[in-house]
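Participant:
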Amino acid sequence: MATETQIAFEGTKDEQELATRAFDAIKRKHIMHGVNVPIKMTLTAIVEALTKAGGPMAGTKPADVTPKLEAALRKNSAVFAAGQNGEYVTTKAGRAPNIGQTENTHTFKERLNTEAKPLDPEEAKEYQSSLVNRTTTRAERNAAILESVVEAPVPAPIRPYVPPISTPYSRSTEIPTLIPQAHIVKEREPEEVQAAPVPATPAPPVEPAAQATPATPVTRTPATAAGATQSATAAPATPTVPATPIAPPTTPSTQAAPTTVTQTPAVAVPPTPQAKPATAPEAGAAVRPTEAATPQAQTQPRTAPPASTGEAQTATAKPATPSAPVETSTQAPVEQAKPVVAPPAPAKPAAPAAPPTPVVTGPIEVAIPSENGPITIDLTQPVDEILLDDAAAAALEKLVSDAVTANDTRLIRFGSDIFAEEATERFSKGDYRRIKEYLEEPETGGVASDRDIMADVLGRRTDHPDYDRLRFSLNYRMLKEKKDFEFVGIDSDRLWINTGTSPVLPTTRKPAEIGQDYRFLEDPAIASVEEEEEAARDYKGGPIDYSLTYYEYENGVLPYDRRFKRVYPGAVFEDQRSSLLRFEIPQLYGSLLAELRYPTGNRGGFLMGLSELFTVHMVPGAKFTITPTDRGEDVFEIHFTRAEEQEENLLQLDERKGRYVFRPVSYAVATDPAMLLTQGKFGKMHNQKKLEDSERRRPDFIIANAFEAVGENNDGKLWAIFDDIYPIVNIERPISPSWLRTMLSGAYPFFYPDETTEGAYFYDASKRPS
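Sequential numbering of the sequence shown, starting at 1009, is according to the working numbering.
In C-alpha cells:
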C-alpha cells in the first residue's frame, strides 16, 4: 500500500501489509502532530481502527487480527518501539523515537557554549556577586568620566544666526506629517502694492489747525474703521457727522514732534478722479478717511489686515494710486477718531420664496419581477415593513444580486455573500488533502461546517482580522472542487462532506427509486390541486401535523411537498443535491441527522434518515408534529403524544415469504384511527402477496388492489370510502390525498365518485381494459 512516507517493512507479505495499515491508522489518528514527534497508540486501539465499519479490515474479527498484528509490529521494531501498557510508539517520519540520535541533540550546551559546566550553589552565588560588582564598577567609572568632561564655551555670533536650509536628504528622526494635496488650503496671495512716485521736492509742511481745508485732497475708500463699534441700525439718520482729522502717519524709525489736533466740522470731499469704486459700500457700513501718503509712509511696506470684498474691488479699480495704511504713531498722541457713517443704501428687493415641497399622500407602487410574476411594493412604506413580505424580500435580493454580479465579473458570490475575486484566498492541494482526511475522521461523523474546518484544519479563529475573507474563500474554492467535496448545508449553516459519502443511514430502497416514487409532487396538475386544498385549510406555515403512512414508516422518509417547502429552507445553488437537517426529539432527549433530497429532473424531493425514530418509537398511523426552531433554519423539533401502552394486530411484511401478515404489536404513541392498519379493519390484507416493481409503478393497479381489500360489493361494483382507500394505497408507494382524489374523480373511467354519498367511490372492473 502506497503512503506518504514510503517505508520498507520487514516480515512476510501479510506482516508487511499489516504493519503498513497499522502505520496509516496511527498517523491518521495523530494527523496534527509533527514529523518527528513521538506518537503512540495501543495495540487494541489499532486493531479496533482496522476492523471497524469502513476500515481496511472491516468484517474481520479483532481476536484473529491481534496476534498477527503484534507479531508484525515486533518484527518492525525500527519503526514501532514497544512502550508501556501495550502501546507502540513511532513517528510520522517512519522510525521509532531516539533511534540514531543522542540525548543532547539540539541543546544550548552543544550549540552556544561548549565550555559551560554546572556550578554548585556556593560557586553560583560567588559568580553572581562578581557580576554585580563588575556592573557597579563599570557604572562608577562611566560617571567619573562624564564629570571630568568640561564643556567648551560657545563663541557669540558676530552676525544674526540664520537657520540652515533643510535639504530633501535630511536625516531627521522626527516622523513627518503628510497632508494629501487635495486637503492643503492655499493662502491668498498678498495684493501687489505700487508705491506712489516720490516728488522731487520735499512735502509741504502741515497746515495749521485753523485752516478750513487740508492742503492735500483726502480720498475716502470703503473700509471698516478701526475701533468702530456702532452698527448700521444704531447710526443717526443725518448724512454727515463730525469727524476728527488724523495727522499724517509717521514711521517708527522717524521721530515726529507733538502735533495739536483741533476738532473741525467734517467737509464733504468729492471722490478722486483717478478711479471710481467698483461697488458702493453696503448700507450702514462704516468708512474711514485715507490720508495723503507722505514720503516716510511710502517707504514702509503695507501690512494691512485682509480686506473685505469691497476693499478688494476698490484696490483693483485703482492700481495706480493705492491709499496708504493708517498707522498709529507711538510718539504723537492722537485723539480717537469717531467713525463716519455713510448714508444708508436703498434696500434690495426680497427674493421670491421657493415653492413649497409637494407632500406625497398616496402610495407609490413599483412592480418588481420575480419567478412567480411581478410583485408590487409601496415605496412610501418603511423598508422593514417591505421586507416582512418574504416574496418581496426574495425578489429584491435577487434583483440587487443579479445587478451586482451579472454586470461586474470582478465580483463573485457564495450564497448571500459577495466578494471581490482578487481578494479571495487560494488553497493548495495539501490543504484540500487535510480537509478530506478531517472529514473522514470518526469524530466528525463525516460532516463538518466551514467554521470547524477553519478552526481545526486551517488554524483560524473567529478573532482573526481576515476571518470573514478566508471563510468566504474556503467555501468558494471548495465548491469548485466537486470531485472531492459536496456542499450539503444552507446559507446560514454551511456544511461539507466528501463526495460520494453521506452521514445519514441508507434506506431499505435506493434513493433513486424513492425519488421516482415521489416524482408526482412536481406534476403541475397535482401541485395546483394541492394549492387549492392548502388555501381551503388556510395553511400559513409553521408546525406541521402529520400522520405516518406504511410506506414512510418502512423506508424512514417524508415527502417534500408544498407544506414542507414552506418550512424547510431551499437549496443555495441550482445544482445542489441535498441538505442536512437536524431533528431534535425532546421526549427522547436525543436528536438525529436527516438528509433532504431536492427535486431533480423526473425525481421528486423527499426527506430520508428517520428510520430509527419510526421503527423504534412509532407505528404506521402514528401522529406527530414537526416544528421549526429559532436555533437555526436547519434545526427542527419532532413532538408526539405518548399514550397508554396497548397491543393490537398490525400489518407487517414477512420478508422471508414476501407477504403481508398481521402480528401483535405493543405501542404507546397517539395514532390516527383512520390510518392505523389493524386486522379488524383491514383483515383482507392478511397473507396478501407483495406487488412486483412493474405493478407498483401503476397507480391504477394499486387503487384497484385497495378496492379489492376494503371495498363492498354493490351490483357487481366495489364501493369504498376515501378514508379506507388512502392508507391501503400508501403501502406499496406514496400517493398524496390530492392525487388520489384526482384519479378517483375521472382520471380513469373505471373509478368514479358516488353522487349519493360524499367521500365514497365506485370501482367498476368491467370498464377496465384487459
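Where is the CB? At the ideal position from N, CA and C, for every residue including glycine.
Less than 8 Å between C-beta atoms, sequence neighbours within five positions excluded: which residues of the same chain meet that for A1768?
Facilitator: Answer for A1768: W1727, A1728, I1729, F1730, P1761 and D1762, listed in chain order.
Participant: Using 8 Å for Cβ pairs, my map puts I1376 next to A1403. What's the rounded Cβ distance?
Facilitator: With a Cβ gap of about 5 Å, I1376 and A1403 count as contacting.
Participant: Output the distance between the C-alpha atoms of R1776 and G1609, rounded to the nearest integer angstrom.
Facilitator: Their Cα atoms are separated by approximately 32 Å.
Participant: Take D1072 as the anchor and find which of L1685, V1055 and L1081 has the nearest alpha-carbon.
Facilitator: Measuring from the Cα of D1072, the nearest candidate turns out to be V1055.
Participant: Buried or exposed for I1711, going by 16 or more other Cβ atoms inside 10 Å?
Facilitator: It counts as buried.
Participant: Considering only the alpha carbon of each residue, which of S1599, F1759 and P1735 lies closest to D1708?
Facilitator: Looking at the Cα atoms, F1759 is the closest of the given residues.
Participant: Do Y1440 and D1474 have their C-beta atoms within less than 8 Å of each other?
Facilitator: For Y1440 and D1474, no; Cβs fall outside 8 Å.
Participant: Suppose you measure from the CA of Y1781 to the CA of E1645; what does that come to, to the nearest Å?
Facilitator: Limits of the chain in this structure are 1009 at one end and 1778 at the other, which puts residue 1781 out of reach.
Participant: In the structure shown, what three-state DSSP assignment does E1025 receive?
Facilitator: Of the three classes helix, strand and coil, the one that applies to E1025 here is helix, per DSSP.
Participant: Have a look at I1736 and G1062 and give me their C-alpha separation to the nearest angstrom.
Facilitator: Straight-line Cα distance between these residues: approximately 39 Å.
Participant: Under a three-way DSSP split, which group does L1699 fall into?
Facilitator: Three-state result, L1699: coil.
Participant: Mind checking L1051: buried by the 16 CB within 10 Å criterion, or exposed?
Facilitator: Counting Cβ neighbours within 10 Å, L1051 comes out buried, since at least 16 surround it.
Participant: Are the CB atoms of F1572 and W1747 within a distance shorter than 8 Å?
Facilitator: Against a cut-off of 8 Å, the Cβ pair of F1572 and W1747 comes out as no contact.
Participant: Using the C-alpha atoms, what's the distance from L1026 back to P1075?
Facilitator: When rounded, the distance between both Cα atoms is 11 Å.
Participant: Quick check: the Cα distance between S1674 and D1772, rounded to an integer number of angstroms?
Facilitator: In a straight line, the C-alpha of S1674 is about 39 Å away from that of D1772.
Participant: Mind checking whether M1616 and P1519 have CB atoms under 8 Å apart?
Facilitator: Yes, they are a contact pair.
Participant: Would you call K1035 buried or exposed, if buried means 16 or more other Cβ atoms sit within 10 Å of its Cβ?
Facilitator: Result: buried.
Participant: According to DSSP, is F1017 helix, strand or coil?
Facilitator: Of the three classes helix, strand and coil, the one that applies to F1017 here is coil, per DSSP.
Participant: What's the C-alpha gap between T1145 and E1095?
Facilitator: Cα to Cα, the separation comes out at about 59 Å.
Participant: Suppose contacts are defined by Cβ-Cβ distances below 8 Å. Is Q1584 in contact with F1495 by that definition?
Facilitator: A contact, by the Cβ cut-off of 8 Å.
Participant: From which residue to which residue does the alpha helix (DSSP H) around K1437 run?
Facilitator: That run of the alpha helix (DSSP H) goes K1437 to E1448.
Participant: Thinking C-beta only, is F1422 closer than 8 Å to Y1484?
Facilitator: Contact flag set, yes.
Participant: Would you tell me roughly how many angstroms separate the C-alpha atoms of G1108 and H1041, rounded to the nearest one?
Facilitator: Low confidence applies to G1108: its pLDDT is 45, below 50, so where it sits in the model is not reliable enough to give any reading.
Participant: So S1586 and L1600 are supposed to be a Cβ contact under 8 Å. How far apart are they, rounded?
Facilitator: The Cβ separation is near 16 Å, so there is no contact.
Participant: Hey, out of T1388, E1489 and G1719, whose CA is closest to T1507's CA?
Facilitator: Among T1388, E1489 and G1719, the Cα nearest to that of T1507 belongs to E1489.
Participant: Out of E1740, L1684, G1719 and L1127, state which residue places its alpha-carbon closest to the alpha-carbon of E1700.
Facilitator: Among E1740, L1684, G1719 and L1127, the Cα nearest to that of E1700 is on E1740.
Participant: Quick check: R1650 and A1682, are their CB atoms within less than 8 Å of each other?
Facilitator: Result no, Cβ atoms of R1650 and A1682 do not sit closer than 8 Å.
Participant: Taking only runs that begin and end inside the segment 1041 to 1086, name each unbroken alpha helix (DSSP H) of 4 or more residues, in chain order.
Facilitator: The qualifying runs are 1051 to 1059 and 1070 to 1083.
Participant: Can you check which of these residues, A1411, W1504, E1429 and D1410, is closest to L1419 by C-alpha distance?
Facilitator: For the residues A1411, W1504, E1429 and D1410, the minimum Cα distance to L1419 belongs to E1429.
Participant: Thinking V1643 and R1590 are a contact (beta carbons under 8 Å), I'd like their distance in whole angstroms, please.
Facilitator: Correct: roughly 5 Å between the Cβ atoms.
Participant: Is the Cβ-Cβ distance between P1628 and Y1561 less than 8 Å?
Facilitator: Against a cut-off of 8 Å, the Cβ pair of Y1561 and P1628 comes out as a contact.
Participant: Please list the terminal residues of the continuous beta strand (DSSP E) segment that includes F1614.
Facilitator: F1614 to M1616 is the extent of the beta strand (DSSP E) around F1614.
Participant: Counting along the chain, where does the alpha helix (DSSP H) carrying D1464 start and finish?
Facilitator: That run of the alpha helix (DSSP H) goes D1458 to D1464.
Participant: Given a cut-off of 8 Å, decide if I1593 and V1565 are closer than it, judged by their beta-carbon atoms.
Facilitator: Result no, Cβ atoms of V1565 and I1593 do not sit closer than 8 Å.
Participant: Go to L1784, then tell me how far its beta strand (DSSP E) extends in each direction, as first and last residue.
Facilitator: Any question about residue 1784 goes unanswered here, given that the chain covers just 1009 to 1778.
Participant: To the nearest angstrom, how far is the alpha carbon of R1570 from that of E1620?
Facilitator: Cα to Cα, the separation comes out at about 25 Å.
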